[in-house]
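Asks: One structure, pasted below without further comment.
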Amino acid sequence: MADHGDHDDGHDDHDHHGDEESGRVTSPMQEFGMSQVTTGLVVLAVGLAVTFGVPLLV
300 MADHGDHDDG HDDHDHHGDE ESGRVTSPMQ EFGMSQVTTG LVVLAVGLAV
350 TFGVPLLV
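300 is the number of the first residue of the sequence shown in my numbering; add one for each residue after it.
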């Protein structure tokens, strides 16, 4: 029987060279400041105004 390589035998062929040690940080782990919170709230307010305000004016 030929091995076609299209089956999952449970082996992970990716190289793992200490991702934790390489300084890689994912977004949920990064800290953020009040200026970033304020920017997000302003973007939210503008988006809601455009989404709901413009149709009410028309």
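For every residue, glycine included, the Cβ atom is placed at its ideal position computed from N, Cα and C.
Alpha carbon to alpha carbon, how far is Glu330 from Val336?
Replies: Along the sequence shown, read from residue 1 onward, the residue named residue 330 stands at position 31. Along the sequence shown, read from residue 1 onward, the residue named residue 336 stands at position 37. Those two C-alpha atoms are separated by around 11 Å.
Asks: When DSSP labels each residue in this structure, what does Gly332 get in the three-state scheme?
Replies: Taking the sequence shown and counting its residues from 1, the one referred to as residue 332 is at position 33. Looking at Gly332 - three-state DSSP - the assignment turns out to be coil, as it is neither helix nor strand.
Asks: When you compare only the Cα positions, how much space is there between Val353 and Val342?
Replies: The residue labelled residue 353 in the question sits at position 54 within the sequence shown. The residue labelled residue 342 in the question sits at position 43 within the sequence shown. Their backbone Cα atoms lie some 16 Å apart in a straight line.
Asks: Under the three-state reduction of DSSP, which class applies to Gly352: helix, strand or coil?
Replies: If you number the sequence shown from 1, residue 352 lands on position 53. In the structure shown, Gly352 sits in a helix (DSSP, three-state: H, G or I).
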